[in-house]
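Below is one structure, written out as structure tokens, with a few remarks after it.
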Amino acid sequence: MRTHSCRPGLRDTQVLDFCKQGFLVLEGVVPDDINLRTVEFLNRYSSHEPSEILDEDWFVDNVILNDQAAGAVRCLLGQNFGLPIIMSNHRVNCPSPAQNWHRDGNSKHGPALNYLQVFYYPEDCSLDLGPTELLPGSHFLFSLSKRMGHYGGIRGAYRAAAPAGTIFLTVYSIWHRRSAASGTGLRNLLKYNYWRTEAPHRDWIREPDFDLATANYKLEDPTYREQFRDCNDAAEMFFWLHGKSDAFALLGGQGWP
642 MRTHSCRPGL RDTQVLDFCK QGFLVLEGVV PDDINLRTVE FLNRYSSHEP SEILDEDWFV
702 DNVILNDQAA GAVRCLLGQN FGLPIIMSNH RVNCPSPAQN WHRDGNSKHG PALNYLQVFY
762 YPEDCSLDLG PTELLPGSHF LFSLSKRMGH YGGIRGAYRA AAPAGTIFLT VYSIWHRRSA
822 ASGTGLRNLL KYNYWRTEAP HRDWIREPDF DLATANYKLE DPTYREQFRD CNDAAEMFFW
882 LHGKSDAFAL LGGQGWP
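Counting in the numbering used here, the sequence shown runs from 642 upward without gaps.
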């Protein structure tokens, strides 16, 4: 597996926000000419797994190793992170109905963050083209797929409508689905993973006034969980990313931190 090292691109508060939300959206970070070239490639290789694109230097340099995306990945997975080995394309003819809510197969739950699932829009994806819908904080919310699919619209869900060149990073276990598309035409959505190869530590841009004890670990309502559980889960993941999982403890009641 190929690996990559680069400079960090996220600060303390941004890493913590990723722990709370379970995703990070980087709008329009891929150049227009690369987006167009990607669409042309996908028209030639129209399978649901066009992994041949990972052999194209222009794609690897501008999408997989995109400065902003790679800088964020480095902060979440550490230096020498592993590069994608498979490329998937959710290529949909619109209009189309919404998918069922689901977690992708082989999801694991807990504070460890050893890989990321990443999505890339090579074209504008407006609301009428069925953008991916994400449920904030649900990467900590375990449920069997057969008990998730019957939900329709969920209050507080984030519909990732975005311009061409947008990349969004997610925790693999987050609840998501393709939203309903009322428009017409093809919608491409590339999906791939990055991998951790080094032990976690505070490997991002440090904010001088950031304090673990007073940081805001709360997810905006609705949290879909029992009171304060969102804070506890986000804090545990954040401590894990610091390499301080052994120091994380919850006394309960008002005993936080």
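Yeah, the Cβ is synthetic: ideal placement off N, Cα and C, and Gly gets one too.
Everything numeric in this text was worked out from a predicted model, so none of it was measured.
Between the CA atoms of residue j and residue i - distance to the nearest angstrom
i           : j           : result
residue 671 : residue 847 : 26 Å
residue 657 : residue 668 : 19 Å
residue 699 : residue 674 : 10 Å
residue 680 : residue 732 : 11 Å
residue 723 : residue 835 : 6 Å
residue 652 : residue 845 : 6 Å
residue 837 : residue 783 : 23 Å
residue 678 : residue 729 : 17 Å
residue 900 : residue 655 : There is simply no residue 900 to check, as the chain begins at 642 and stops at 898 in what is shown.
residue 827 : residue 710 : 25 Å
residue 824 : residue 736 : 5 Å
residue 707 : residue 727 : 17 Å
residue 683 : residue 690 : 10 Å
residue 890 : residue 734 : 49 Å
residue 767 : residue 821 : 11 Å
residue 715 : residue 865 : 29 Å
residue 786 : residue 765 : 30 Å
residue 759 : residue 803 : 15 Å
residue 877 : residue 739 : 33 Å
residue 593 : residue 649 : Residue 593 falls outside the range modelled here, since the chain spans only 642 to 898, and no answer is possible.
residue 694 : residue 805 : 18 Å
residue 856 : residue 696 : 42 Å
residue 776 : residue 817 : 6 Å
residue 880 : residue 745 : 25 Å
residue 832 : residue 853 : 33 Å
Which of helix, strand or coil DSSP assigns to residue i
i           : result
residue 824 : strand
residue 818 : strand
residue 694 : helix
residue 791 : coil
residue 808 : strand
residue 661 : helix
residue 734 : strand
residue 877 : helix
residue 748 : coil
residue 688 : coil
residue 729 : strand
residue 886 : helix
residue 702 : helix
Residues sharing a beta bridge with residue i, DSSP
i           : result
residue 813 : Its beta-bridge partners do not exist; DSSP assigns none.
residue 757 : 812, 835
residue 846 : 652
residue 766 : 803
residue 666 : 809
residue 645 : 722
residue 743 : 817
Distance between beta carbons of residue j and residue i, contact taken as under 8 Å
i           : j           : result
residue 859 : residue 872 : 5 Å
residue 812 : residue 780 : 4 Å
residue 798 : residue 772 : Wrong, their Cβ atoms sit about 11 Å apart, outside the cutoff.
residue 742 : residue 792 : 5 Å
residue 762 : residue 830 : 6 Å
residue 664 : residue 815 : 6 Å
residue 703 : residue 644 : With a Cβ gap of about 18 Å, residue 703 and residue 644 do not count as contacting.
Continuous alpha helix (DSSP H) stretch holding residue i: start and end
i           : result
residue 679 : 673-685
residue 907 : The shown model of the chain, from 642 to 898, leaves out residue 907, and the question about it has no answer.
First through last residue of the beta strand (DSSP E) which encompasses residue i
i           : result
residue 724 : Where residue 724 is concerned, there is no enclosing beta strand (DSSP E), given that its DSSP letter is neither H nor E.
residue 775 : 773-775
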